[in-house]
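*Asks:* Below you will find the structure I want to go over with you.
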Amino acid sequence: MIPTSPEDRRLHAALHVLGLLDEAEMAEARRQAETDPGFAAEIAAWEARLAPLARTAVPETPPDDLWRAIADATRPDARTVSREPRRGRRPRRAFAALALAASLLVGVLAGLGIGVLTDAPDQEPLVAVLVPPDEPGRPGYIVRVDTQRNVVLQRLGDAPEAGDGAIEFWTLADPAIGPNSLGLVEASAQRYEAVLEGDAAPGRLFELTLEPAGGSSTGRPTGPVLFIGRAVALD
Amino acid sequence: MDETPDKNAENQVLAALIADCAGGDQVALRSVYERYAGLMLGIARRLTRRPEQARDIVQEAFIDLWRNAARFDPARGNAEAWLISLVRYRALNQNRANGRALRLASAVEAEGAGQPDAAAALGRLGDDSMADAIALKHCLERLDEDRRAMVVQSYVSGHSHDDLARAFARPLGTVKTQIRAALRVLQECLG
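Chains as they are written, first to last, in numbering that gives the first Met the number 0: chain A, 0 to 234; chain B, 0 to 190.
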């Protein structure tokens with residue numbers, strides 16, 4: 000039986016996370032969490048508190064056939080559980096892969112080479128995580144570029160402070176030529192779309208700067224860089 | 000600026016990937032796999048001690064992730080912890096199906112199966128510079144050695160109360176009381 004007092008509920012949640020409830024109690028705890036957000040939150044809190052201990056497991060190289068088995072079972076036409084879509088059914092492929100690159104980028108952004116620019120004939124999907132120059136561990140935006148050179152800027156964190164100014168989105172293909180503006184982005188916008196001129200390659204720089212109202216009057220960034228990052232390929 | 004790295008940035012990225020899985024994006028699932036499959040295998044193997052079962056558990060966990068991604072709410076939980084929970088609960092269930100308590104029938108076996116894992120886990124926890132790991136290590140150090148070992152062995156090795164009672168040669172009721180006392184200390188310390 001799930002305890003009623005707050006302290007005992009917290010302890011019960013902890014015992015569940017440790018794996019110390021018996022089979023029937025564990026099943027009951029899971030059922031309770033389905034309908035009791037408070038109890039679910041207690042479980043989630045203990046899962047988060049103890050997660051560092053899980054990270055102490057020594058990672059193992061997955062067997063070659065593991066992904067293939069997962070991929071076969073998760074093909075979109077193999078999905079057996081229907082549910083309400085949480086968001087619009089827009090194409091999300093590039094954003095997901097973008098997040099893959101984001102995961103690779105976090106913490107290693109500085110290590111990703113400028114010298115990886117290539118002259119690949121086709122536009123390859125790219126992603127970039129934009130971070131504040133002085134806080135590389137705090138991603139603010141993700142940029143994705145699809146095979147048609149469509150660029151989507153997606154905000155991850157809090158809306159930046161623009162005051163009376165404007166936030167302008169830039170990309171830099173060639174330092175000798177200078178950045179190109181991809182337009183002004185509302186500070187409150189979760190998403191902004193643009194189109195690249197010409198192909199982009201891994202290493203492509205994207206940044207957001209704070210410019211005067213109406214945007215830079217020079218065609219080049221004039222204000223402080225708010226967020227910056229380099230693109231990486233998805234594969 | 001706080002110099003201690005934390006998991007927030009990585010969790011945001013992982014949460015975005017899970018959201019994409021909810022939208023039916025298999026590339027997102029592959030991204031999670033590339034990032035976490037190795038760790039999840041390690042977790043499952045440490046809990047079950049059976050490589051073949053660990054592989055199957057991770058496979059099922061990823062299928063579970065795919066099917067239930069829409070149920071993850073980043074406002075209510077930590078993405079990495081949620082992902083870990085998918086593999087841990089499956090491994091714990093598998094242990095029950097294996098009759099793990101019977102397998103660890105002797106105190107010597109129970110002790111032998113858990114202590115190296117617990118000691119290694121605490122050592123590796125000390126090497127983790129993430130803020131959540133530092134906080135957990137600090138709070139675990141507030142426990143006496145046995146209670147700390149009980150908590151860690153149950154979490155990382157999947158030891159039951161019975162396993163712990165055998166390993167520590169204590170009555171079952173005493174072990175339950177000590178675990179609960181340890182959890183109260185951790186709750187207070189970790190907030």
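Ideal placement from N, C-alpha and C gives every residue a C-beta, glycine not left out.
Bear in mind that the values here come from a model prediction, so they are computed numbers and not experimental data.
Would you list the residues sitting across from residue 64 of chain B in a DSSP beta bridge?
*Replies:* Bridge partners of residue 64 of chain B: none, in fact.
*Asks:* Suppose you measure from the CA of residue 182 of chain B to the CA of residue 8 of chain B; what does that come to, to the nearest Å?
*Replies:* In a straight line, the C-alpha of residue 182 of chain B is about 28 Å away from that of residue 8 of chain B.
*Asks:* Does the stretch 66-73 of chain A come into contact with the stretch 18-28 of chain B, if we say contact requires no fewer than three beta-carbon pairs (one atom in each stretch) closer than 8 Å?
*Replies:* The stretch 66-73 of chain A, when compared against the stretch 18-28 of chain B, does touch it at the 8 Å Cβ threshold.
*Asks:* Classify residue 171 of chain A as helix, strand or coil using the three-state DSSP reduction.
*Replies:* Of the three classes helix, strand and coil, the one that applies to residue 171 of chain A here is strand, per DSSP.
*Asks:* Applying the criterion that 16 or more other CB atoms from any shown protein chain within 10 Å of the CB defines a buried residue, is residue 228 of chain A buried or exposed?
*Replies:* Buried: at least 16 other Cβ atoms inside 10 Å.
*Asks:* Would you mind listing the alpha helix (DSSP H) stretches within the stretch 30-89 of chain B that are 4+ residues and don't spill past its ends, in chain order?
*Replies:* Those alpha helix (DSSP H) runs which fall completely within the stretch 30-89 of chain B and span 4+ residues are 50-67.
*Asks:* For the beta strand (DSSP E) that residue 17 of chain B lies in, which residues bound it at each end?
*Replies:* First-last for residue 17 of chain B: 7-21, but that is the alpha helix (DSSP H), not the beta strand (DSSP E).
*Asks:* Return the first residue and the last residue of the alpha helix (DSSP H) that residue 14 of chain A is part of.
*Replies:* Where residue 14 of chain A is concerned, the enclosing alpha helix (DSSP H) stretches over 5-17.
*Asks:* Run through chain B and tell me which residues come within less than 7 Å of residue 68 of chain A, C-beta to C-beta.
*Replies:* Result: 58.
*Asks:* On the CB-based measure, 16 or more other CB atoms within 10 Å of its CB, does residue 137 of chain B come out buried or exposed?
*Replies:* Label assigned to residue 137 of chain B: exposed.
*Asks:* Using a Cβ-Cβ cutoff of less than 6 Å, which residues in the same chain neighbour residue 150 of chain B once the five nearest sequence positions on both sides are dropped?
*Replies:* Once the five neighbours on either side are set aside, the close Cβ partners of residue 150 of chain B are 181.
*Asks:* What does a CB cutoff of less than 8 Å around residue 154 of chain A pick up in its chain, not counting 5 residues either side in sequence?
*Replies:* Taken in chain order, the residues that qualify are 139, 140, 188, 189, 190.
*Asks:* Taking Cβ positions only, does residue 101 of chain B come closer than 8 Å to chain A?
*Replies:* In this prediction, residue 101 of chain B has a pLDDT of 44, which is less than 50 and means its spatial position is unreliable; nothing more can be read from the coordinates.
*Asks:* In angstroms with no decimal places, state the Cα-to-Cα distance between residue 112 of chain A and residue 85 of chain B.
*Replies:* A caution first: residue 112 of chain A carries a pLDDT of 31, below 50, which makes its placement in the model unreliable, though a value can still be read off. So the two alpha carbons sit approximately 35 Å from each other.
*Asks:* Leaving out five residues on either side along the sequence, give the residues of the same chain with a beta carbon under 6 Å from the beta carbon of residue 122 of chain A.
*Replies:* Cβ neighbours of residue 122 of chain A beyond the five flanking positions: 146, 148, 198.
*Asks:* Consider the Cβ of residue 5 of chain A: report whether some Cβ of chain B lies at a distance smaller than 8 Å.
*Replies:* So no, residue 5 of chain A is outside the interface.
*Asks:* Between residue 117 of chain B and residue 148 of chain B, is the Cβ-Cβ spacing less than 8 Å?
*Replies:* Closer than 8 Å, so yes.
*Asks:* If we cut at 8 Å on Cβ distances, does residue 172 of chain B have a partner in chain A?
*Replies:* Answer no: the Cβ-Cβ gap between residue 172 of chain B and chain A never drops below 8 Å.
*Asks:* Tell me which same chain residues have a C-beta within less than 7 Å of the C-beta of residue 122 of chain B, skipping the five on either side of it?
*Replies:* Contacts found: none.
*Asks:* Excluding the 5 residues flanking residue 214 of chain A on each side, which residues of the same chain have their C-beta closer than 6 Å to its C-beta?
*Replies:* Closer than 6 Å at Cβ, skipping near neighbours: 165, 167, 183.
*Asks:* Going by the CB atoms, is the gap between residue 163 of chain B and residue 174 of chain B shorter than 8 Å?
*Replies:* Cβ atoms of residue 174 of chain B and residue 163 of chain B: closer than 8 Å.
*Asks:* What did DSSP end up calling residue 208 of chain A once you bin it into helix, strand or coil?
*Replies:* The answer is strand: DSSP assigns residue 208 of chain A an E or B state.
*Asks:* For the stretch 41-60 of chain A, enumerate the residues whose C-beta is nearer than 9 Å to any C-beta of chain B, in chain order.
*Replies:* Per Cβ criterion, the list reads 42, 43, 44, 45, 46, 47, 48, 49, 50, 51, 52, 53, 54, 55, 56, 57, 58, 59, 60.
*Asks:* Hey, does residue 187 of chain B have any beta-carbon neighbour from chain A nearer than 8 Å?
*Replies:* Judged by the 8 Å Cβ criterion, residue 187 of chain B is not in contact with chain A.
*Asks:* Select from B:43, B:55, B:49 the residue whose C-alpha is nearest the C-alpha of residue 53 of chain A.
*Replies:* Residue B:43 is the option with its Cα nearest to residue 53 of chain A.
*Asks:* Roughly how many whole angstroms lie between the Cα atoms of residue 142 of chain A and residue 65 of chain B?
*Replies:* Answer to the nearest angstrom: the Cα atoms are 24 Å apart.
*Asks:* Does the distance from the CB of residue 144 of chain B to the CB of residue 50 of chain A come in under 8 Å?
*Replies:* Not closer than 8 Å, so no.
*Asks:* At the 8 Å Cβ level, is residue 19 of chain A part of the contact set with chain B, yes or no?
*Replies:* Cβ-Cβ to chain B under 8 Å: yes for residue 19 of chain A.
*Asks:* For residue 133 of chain B, does the three-state DSSP call read helix, strand or coil?
*Replies:* DSSP places residue 133 of chain B in helix when its eight states are reduced to three.
*Asks:* Using the Cα positions of residue 177 of chain B and residue 141 of chain B, report the straight-line distance between them to the nearest angstrom.
*Replies:* Each residue's alpha carbon lies about 14 Å from the other.
*Asks:* So, under 8 Å CB-CB, residue 90 of chain B and residue 157 of chain B are touching, yes? Tell me the CB distance rounded to an integer number of Å.
*Replies:* About 7 Å separates the two Cβ atoms, so the contact holds.
*Asks:* Can you tell me whether residue 142 of chain B is helix, strand or coil according to DSSP?
*Replies:* Coil at residue 142 of chain B, not helix or strand.
*Asks:* Could you tell me whether the Cβ atoms of residue 127 of chain A and residue 38 of chain A are closer together than 8 Å?
*Replies:* No, they are not a contact pair.
*Asks:* My guess is that residue 189 of chain B and residue 135 of chain B are in contact by the Cβ rule of under 8 Å, so how many angstroms apart are they, rounded?
*Replies:* Their Cβ separation, rounded to whole angstroms, is 7 Å, which keeps residue 189 of chain B and residue 135 of chain B in contact under 8 Å.
*Asks:* Could you give the distance in angstroms between the alpha-carbon of residue 29 of chain A and the alpha-carbon of residue 94 of chain B?
*Replies:* Each residue's alpha carbon lies about 18 Å from the other.
*Asks:* Short of 7 Å in beta carbon distance, which residues of its chain neighbour residue 208 of chain A, apart from the five on each side in sequence? Order them along the chain.
*Replies:* 167, 169, 220, 222, 223, 224, 225.
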